[in-house]
Each structure stands twice: as structure tokens, then as C-alpha cells.
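Residue numbers (the numbering used here): 176 to 617. Notes follow once the structure below has been shown.
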Ligand SMILES: Cc1ncc(COP(=O)(O)O)c(C=O)c1O
Ligand SMILES: [Zn+2]
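And the structure:
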């Protein structure tokens, strides 16, 4: 047997082998030591193939970069068996959602660039509204589902528990819908904790997909999101964290990286390199996955450098800006600042004090759960957080629709961030910009 790859906690350094059912959360996360516990898979070796060019399914195409693949191979699963497993799950997803995973379109939008007054027509949009379940969230969850499937096939999880051990997620929309599709495809029960004001059409679809839906009302004086608290209680009772928050399940970041790898390949093929990337950021898993995936693409020479990362939040809640301000106030190196920050989480990230409102309600998370990697990537790439006004968020959605992409205000908020900096004349002539539109309007 090859050496099995482990996962290492970015906050405390604890190493988890993965040879247990569910290597998702740092074992020290409950210690109350104020460290930022997030399990990070051991990176792929230099020998890992970046992309299997003949494969269209992203988890097959980039399989050698995935922890789930390397772990499965180290326990004796053949390359072909992994591909078969991924494709079986993909076909089950397609049966439910009408589509499986393929590379989503990523193209320059020159009319949009002109409409927002950019001094450049290199504005590239990756369209995730046509991804499984209508957003990029399904990528995060397919990655976790592959781990669960592999663990069962290799005898590390009990087959009989599949029908009884619940998966759990807290979400108000796109993540819940994605979880419901993937859980159904994997034939696993799912419990979803949603806020009282969740979109009724989303709730109806969740129920139709067989999810158990629990509504959690926010009460005056509550600290943090009541759905997240209810989710944590379910996890303590034994539910599997089937979520899009890296602190709750470190492996959720990995599937999201397929988005970055697809973008990196697109840019490499077109012979352009993005100078900036604007990312709508709520819990932070999307931005964390993009920055981690792009770092790998840079290390493989697929991209020449990291684009400047601009995380975009609303005026209603900017917990990430608070954390970024505190990290950049350090006088030492970034590594020193991040070590200090990861060691004293509550000085950098804490729940937003009041219940915020925004047209981009999907990025109103009380905390940016994956803040540390995101702040690190922002500083490392010489970017900064951008706060978009409600007016700009609404205009961004309208402009997104004019391109033919029906993203909602949350999913078009990256464009609102770009518009904010373009308005302030920050974007230089000829700069190449990358954005993701996600979350189809429902
Ligand atoms: C369409 C869309 N884009 C972006 C995000 C932000 O993702 P994250 O919470 O991982 O920061 C969300 C989150 O709900 C979303 O629904
Ligand atoms: Zn830890």
C-alpha cells in the first residue's frame, strides 16, 4: 500500500490520517483554544497530472489533484475504479438534476466591459448558473460525496449506516439545493436547517428532493446564525457535515477548486492571465477554493501568477474587511501575521453584531467561516476587500442578465465589486479581470 495522504489543521497543526469515517473536522476544534481549526488536505505530489485532457467530468479530469483520489489509490482502489465511481455518482446526479458536471462556460464579455466603462475588454465571466443545481455549490458537495463513497467502498464506513446516518447542512438557498441534489444522488438522507425567511420555491424544491427541512428562527439578542447553531447540534449527534464551510468540513474546499482549475485552463489556452479576480463572499468557501486552486495552478505553471483577489461583501455585513484590516495592521511578515491570526481567531473573526439585510442575501453570513485562507490569499495577491452598495448590487444583477446569464444578486455581486473599483478609477488600462456568475435567479 502507498503512503495514505493525511490532512493537517491549518490552525493547530494536528494531523488526521483519513483512515476513519469522516476526516472532516479537526479533532481539537472543540478544545476552546481560540485557534482557527480547519483541516487542509496534504497537497498533491509534483508527479500528479494536472488535467486528464480527454475527460470532461471535472472530478475525473482533475482527479490526481484530489485528496479523495490519492487516498483511495493509497488504499488499493484502481484508477479505473475511481473513474467509474465518480461517473456513477455523476450519472445519478444527471438523473435527478437533468445535467451532470462538465466544464462550465468561461468567456470574455466585451459588451459588459464597455457597459461598465472598463478601460479594457478583457472581462472574463465563468458562468456557474448552468452548473448542477444552478450554482457552483454543487462542486463543493460532490467532492465530499466522493469521499463518503470511497470510504464506504474501501470498508472505512459501514454500508448499513448509509440509509440512517444523516447528512446535515445549514443554508438559505443555493448550498441547500446543491446538497439536496447530491445527497439524493448518493442515496443518503439529508437534514437542512433554513432561516424563517427562506425562499418558498427553494423550500418546495428541497422537500421534493426528499430533504428533511427544519426552520430556525432568529431571536433578538442571538449571537451567530441560528441555522449554523442547529447544524452544529446535529453534527454533535452524529450527522455528517455536508456543508460548504471549511471549518466544519475541510474537504468541502477541494471540490470547489475544480472551478479554479477550469478557469486556469481556459486562461492558459487563450494565452491571457487574469490581473484581478472579484469574488462574492459570504461564508468564504468559494473564495478559499478559488485562491487555493489558483495557487496550485500557479505552482504548476498553468497560470503565471495569482490574480489580485478582491473579495466582495455588502454594506450590510463586512466581517471579512474587519479581519483583513487587523491582519494588515501587523508589521511583520504575512506568515507571522497569519500565524498570530490563526492562533487568536476571535480577535479577527466574530459574528456580525446585527441581522443585516441586502439584495445579495446569500453573502450575508454572520461570519466568514473560511476567513483565514481568504485573508491570506487577499494579502498574498496584493488585493483587498471591496464593499458594494445596494444600488451597485442591483445594477450588477441587471447587467448580468443583459449578458444572457440569469444570476441572482448574490451570484452577480463579484461584478458589483468590479463596478465599485472601476467607478473609483482603480482598474488600469488593458487589465484582465475574472469573475464568477453563480446562483441562477429562482
Ligand atoms: C450564488 C452564490 N455565490 C457566492 C456565494 C458565496 O459563497 P461562500 O458562502 O462560499 O462565500 C454564495 C453563497 O451562498 C452563493 O449562493
Ligand atoms: Zn486544529
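Every residue gets a Cβ at the ideal spot worked out from N, C-alpha and C, and that includes glycine.
I'd like the list of long-range same chain contacts for residue i, defined as Cβ closer than 8 angstroms, with 5 residues on each side in sequence excluded.
i           : result
residue 437 : 233, 278, 279, 281, 301
residue 261 : 232, 234, 235, 238, 321
residue 202 : 189, 191
residue 602 : 293, 294, 295, 451, 593, 596, 608
residue 513 : 502, 547, 550, 551
Count the other C-beta atoms from every protein chain shown that fall within 10 angstroms of the C-beta of residue i, then say buried if there are 16 or more, exposed otherwise.
i           : result
residue 289 : exposed
residue 532 : exposed
residue 292 : exposed
residue 263 : exposed
residue 270 : exposed
residue 429 : buried
residue 336 : exposed
residue 536 : buried
residue 412 : exposed
residue 212 : buried
Regarding residue i and ligand 1, is the C-beta to nearest heavy atom distance less than 8 angstroms?
i           : result
residue 350 : yes
residue 613 : yes
residue 490 : no
residue 284 : no
residue 460 : yes
residue 600 : no
residue 346 : yes
residue 181 : no
residue 498 : no
residue 474 : no
residue 533 : no
residue 456 : yes
residue 310 : yes
residue 586 : yes
residue 541 : no
residue 538 : yes
residue 583 : yes
residue 419 : yes
Considering only C-alpha positions, which residue in the set the options is nearest to residue i?
i           : options            : result
residue 467 : 498, 406, 548      : 548
residue 351 : 387, 339, 396      : 387
residue 519 : 574, 335, 501, 461 : 501
residue 615 : 593, 581, 608, 604 : 581
residue 298 : 306, 305, 287      : 287
residue 542 : 399, 584, 596      : 399
residue 555 : 463, 568, 213, 490 : 463
residue 524 : 510, 507, 493, 505 : 493
residue 479 : 440, 425, 498      : 440
residue 489 : 472, 184, 565      : 565
residue 443 : 411, 206, 469, 423 : 469
residue 318 : 309, 303, 373, 276 : 276
residue 198 : 461, 499, 417      : 417
residue 333 : 196, 389, 516      : 196
Below 8 angstroms, is the gap between the Cβ of residue i and the nearest heavy atom of ligand 2?
i           : result
residue 195 : no
Can you list, in chain order, the residues of its chain with a C-beta nearer than 6 angstroms to that of residue i? Leave out the 5 residues immediately preceding and following it.
i           : result
residue 552 : 466, 484
residue 529 : none
residue 341 : 364, 366, 414
residue 391 : 368, 401, 402, 405
residue 285 : 296
Between residue i and the rest of its own chain, which residues show a CB-CB distance below 7 angstroms, the 5 nearest in sequence each way excluded?
i           : result
residue 589 : 453, 454, 455, 487, 610, 611
residue 619 : Only positions 176 to 617 of the chain appear in this structure, which leaves residue 619 out of reach.
residue 491 : 531, 532, 533, 539
residue 360 : 264, 267, 268, 271
residue 385 : 359
residue 312 : 349, 350, 353, 419
residue 587 : 571, 572, 575, 612
residue 592 : 453, 485, 487, 561, 563
Could you please go through the chain and list the residues whose beta-carbon is closer than 5 angstroms to any non-hydrogen atom of ligand 2? 184, 186, 187, 189, 201, 203, 212
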